[in-house]
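One structure is given below, encoded as structure tokens.
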Amino acid sequence: MMKLNEDANLGINLIRAYSPDAVTVGAQRLTRPCLIAAQALVTDWTNGGLDDLEVDALEAIWPLAPQVVLLGTGARQRFPTAAIRAAFARRNIALEPMDIGAACRTYNVLAQEDRAVVAALFPDPADPS
Numbered sequence: 030m031m032k033l034n035e036d037a038n039l040g041i042n043l044i045r046a047y048s049p050d051a052v053t054v055g056a057q058r059l060t061r062p063c064l065i066a067a068q069a070l071v072t073d074w075t076n077g078g079l080d081d082l083e084v085d086a087l088e089a090i091w092p093l094a095p096q097v098v099l100l101g102t103g104a105r106q107r108f109p110t111a112a113i114r115a116a117f118a119r120r121n122i123a124l125e126p127m128d129i130g131a132a133c134r135t136y137n138v139l140a141q142e143d144r145a146v147v148a149a150l151f152p153d154p155a156d157p158s
């Protein structure tokens, strides 16, 4: 598990550690798909993995009012379906698919800059590398 340095901004959700199969937000270790925003944490966002993601599941993201969503897709970068990408495009929200480590690191930087960012993460319990 890769640990990230703690920062002085204790008023927001920050990712403290990550691996392909889990992320740690504060003291919580999360192994299921989750949404992380500065002031919100959805620990059991959707069933299944990225391949099972449906447009209806995105309804949990819209109230968080992100400008950018970092889609952490496990140990390697993968892309969501065209329908998922189109749902973000219709709302003028940037969707950035990346591996889970890059998503965690980028989320922490943007959240500490007070950017409207959400990390939508898919830890993969089948990949505990």
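The opening position of the sequence shown corresponds to residue 30 in the working numbering, with each subsequent residue numbered one higher. Ideal Cβ placement from N, Cα and C applies to all residues, glycine included.
Check, Outcome
"Based on DSSP bridge pairs, tell me the residues matched to LEU59.", "VAL52"
"Report yes if the C-beta of THR72 is less than 7 Å from at least one heavy atom of the ligand GTP; otherwise report no.", "Absence of the ligand GTP is noted for the structure shown, with no ligands found whatsoever."
"With C-beta atoms as the reference, is VAL84 less than 8 Å away from ILE113?", "yes"
"Where does the unbroken alpha helix (DSSP H) through ALA132 begin, and where does it stop?", "129 to 141"
"Buried or exposed: VAL138, going by 16 or more other Cβ atoms within 10 Å of its Cβ?", "exposed"
"Can you tell me whether ASP36 is helix, strand or coil according to DSSP?", "Residue confidence for ASP36 is low, a pLDDT of 49 falling below 50, so the modelled location carries little weight; the figure read from the coordinates is stated next. Three-state result, ASP36: coil."
"From ASP73, ARG105, THR110 and LEU124, pick the residue whose C-alpha is nearest to that of ALA94; which is it?", "LEU124"
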